[in-house]
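Asks:
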Amino acid sequence: MGRRPAQPAACDATYRKRDALSEQQPPVDDLFGDEDLGLEGAPPPEEGGGRRLPLKLIGAVVALVALGLLWWLSSRHHEKFYITVHGDTVRVERGYYFPFGSGAYTPSPAYEPFTLPPGVAPEKTGAMTANEVDRVLHRLFITIAEKEIADVEAGDPDEAELMLLRAQKLLTTGIADDRKLLELLGDVAFRRGLTEVRGVQARFDKALEQFRLAAMRGGVAYKGADRWVEAITRLREEFRRLSMESGLDPDQILSQPPTLPPAMAPKKAAPEAGGEKKKGGDADAGPPG
1487 MGRRPAQPAA CDATYRKRDA LSEQQPPVDD LFGDEDLGLE GAPPPEEGGG
1537 RRLPLKLIGA VVALVALGLL WWLSSRHHEK FYITVHGDTV RVERGYYFPF
1587 GSGAYTPSPA YEPFTLPPGV APEKTGAMTA NEVDRVLHRL FITIAEKEIA
1637 DVEAGDPDEA ELMLLRAQKL LTTGIADDRK LLELLGDVAF RRGLTEVRGV
1687 QARFDKALEQ FRLAAMRGGV AYKGADRWVE AITRLREEFR RLSMESGLDP
1737 DQILSQPPTL PPAMAPKKAA PEAGGEKKKG GDADAGPPG
């Protein structure tokens, strides 16, 4: 029967090692306490780390929505046009590319500021579309032109022509509008012709006055003053007929024919009684004895 070897030294070493490890480890009761467990060196856990990304995303979305809304409002406001009247001056404005504010709009000379004559005003003011602005301005220009053309006494054909040319330069003026404007420009030319006729007629009246005076006085070097009087009188009657055919008041176009003051008309001497008989008696009388 074999002999069992004794190992006292090896067992003692093992026991000593186990006891040393036990002394280094904290007791089980200490693990459930509030004592420091030696974890001071570990970094603290991040609070709300998972929420930072959603907040940034929400902020970016809100900023994009705000920029989009600003662009949309600016675009809508930029498409608004305004006709404003300050005193007697008309101005055309367009909204800025911003939610508010406006400035001068002059894509052509038709949209430059102009002065209203008395008694005339645009049919609409305030915000409107570009087509509405052109329609209001077109009607306003024609109204002013017709007013100046119809006023034979004080109307200004040059102002009427300027308004019609403005209407022709509007961005939406079409071919049908051009035909109408061309006819109105014909009225402007007719109106200028009437002005010249009135000037010529005034000079004719002065000439008629002098020819009538010459016809009553007679002349030595120049004869036929009465025929000049007849010709100028016929011309006046022709002007009167043409005025009526054109739908005009002749008294507005033609001044009244001149009349000589009584002091300027020469008085004819009354024939002497028996004058012809005296001349006849002298002819029949015989030679003196």
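In the numbering used here, the protein residues as written are 1487 to 1775.
Just so it is clear, CB atoms sit at the ideal spot from N, CA and C, and this is done for glycine as well.
CA-CA distance, Ala1693 and Leu1699?
Replies: Those two C-alpha atoms are separated by around 10 Å.
Asks: Which two residues bound the contiguous alpha helix (DSSP H) that contains Val1622?
Replies: That run of the alpha helix (DSSP H) goes Ala1616 to Ala1636.
Asks: Just the C-alpha distance for Val1622 and Met1649, rounded to the nearest angstrom, thanks.
Replies: Going from the Cα of Val1622 to the Cα of Met1649 covers about 13 Å.
Asks: On the three-state DSSP scale, how would you describe His1640?
Replies: Here residue 1640 is Ala; the residue named in the question, His, does not match the sequence. Note: Ala1640 maps to coil in three-state DSSP.
Asks: Please check the pair Ile1569 and Lys1610, which I expect to be a contact at CB under 8 Å, by giving their CB distance rounded to whole angstroms.
Replies: Right, the Cβ-Cβ distance comes to about 7 Å (below 8 Å), so this counts as a contact.
Asks: Assign Ala1646 to buried or exposed, taking buried as 16 or more other Cβ atoms, counted over all protein chains shown, within 10 Å of its Cβ.
Replies: So Ala1646 ends up on the buried side.
Asks: Should Ala1653 be labelled buried (16 or more other beta-carbon atoms within 10 Å of its own) or exposed?
Replies: Buried: at least 16 other Cβ atoms inside 10 Å.
Asks: To the nearest whole angstrom, what separates the beta carbons of Ile1635 and Asp1673, a pair I think is in contact under 8 Å?
Replies: Sure, about 5 Å apart at Cβ, within 8 Å.
Asks: Can you tell me whether DSSP reads Gly1589 as helix, strand or coil?
Replies: In this structure, Gly1589 counts as strand in the three-state DSSP scheme.
Asks: Should Val1606 go down as buried or exposed, given a rule of 16 or more other Cβ atoms within 10 Å for buried?
Replies: Counting Cβ neighbours within 10 Å, Val1606 comes out exposed, since fewer than 16 surround it.
Asks: Within a Cβ cutoff of 6 Å, which residues of the same chain sit near Pro1747, ignoring the five residues on either side of it in sequence?
Replies: Below a pLDDT of 50, predicted positions are generally treated as unreliable, and Pro1747, at 49, falls in that range; no measurement from the model is reported.
Asks: Where Leu1593 and Glu1579 are concerned, what is the direct C-alpha to C-alpha distance, given to the nearest angstrom?
Replies: Going by the sequence as given, residue 1593 is Pro instead of Leu. Each residue's Cα considered, the two are about 11 Å apart.
Asks: Which whole runs of the alpha helix (DSSP H) in the stretch 1699–1738 are 4 residues long or more, in chain order?
Replies: Here the runs fully enclosed are 1711–1731.
Asks: Kindly indicate which three-state DSSP category Leu1697 falls into: helix, strand or coil?
Replies: According to the sequence provided, residue 1697 is Phe. The question's Leu does not apply to it. Three-state DSSP puts Phe1697 in a helix.
Asks: With burial defined as no fewer than 16 other Cβ atoms inside 10 Å of the residue's Cβ, what is the status of Arg1722: buried or exposed?
Replies: Its Cβ being crowded by 16 or more others within 10 Å, Arg1722 is buried.
Asks: Count Cβ pairs between the stretch 1596–1604 and the stretch 1563–1577 that sit closer than 8 Å; are there 3 or more?
Replies: With the cut-off at 8 Å, the stretch 1596–1604 and the stretch 1563–1577 touch.
Asks: Quick check on Arg1677: buried or exposed, where buried means 16 or more other Cβ atoms within 10 Å of its Cβ?
Replies: Buried, since its Cβ has 16 or more Cβ neighbours within 10 Å.
Asks: Leaving out five residues on either side along the sequence, give the residues of the same chain with a beta carbon under 8 Å from the beta carbon of Met1559.
Replies: The question names Met, but residue 1559 in the sequence shown is Leu. Pro1585, listed in sequence order.
Asks: When you compare the CB positions of Ala1590 and Leu1656, do they come within less than 7 Å of one another, or not?
Replies: Against a cut-off of 7 Å, the Cβ pair of Leu1656 and Ala1590 comes out as no contact.
Asks: What residue range does the beta strand (DSSP E) around Val1578 cover?
Replies: Here the beta strand (DSSP E) through Val1578 covers Thr1575 to Gly1581.
Asks: Which residues bound the beta strand (DSSP E) around Tyr1568?
Replies: Per DSSP, Tyr1568 belongs to the beta strand (DSSP E) from Phe1567 to His1572.
Asks: For a test of the three-state rule: what should DSSP assign to Gly1605, helix, strand or coil?
Replies: Gly1605: coil per DSSP, three-state reduction.
Asks: Can you list, in chain order, the residues of its chain whose CB lies under 6 Å from that of Ala1711, leaving out five sequence neighbours each side?
Replies: Counting only Cβ-Cβ distances below 6 Å, and skipping sequence neighbours, we find Phe1697, Ala1700 and Ala1701.
Asks: Taking DSSP as the reference, what is the three-state secondary structure of Glu1645?
Replies: Glu1645 falls in the helix class under three-state DSSP.
Asks: Taking buried to mean at least 16 other C-beta atoms within 10 Å of its own C-beta, is Gly1581 buried or exposed?
Replies: When all chains shown are included, Gly1581 counts as buried.
Asks: Can you grab the Cα-Cα spacing for the pair Ala1549 / Gly1612, in whole Å?
Replies: Spanning the two alpha carbons is a distance of roughly 33 Å.
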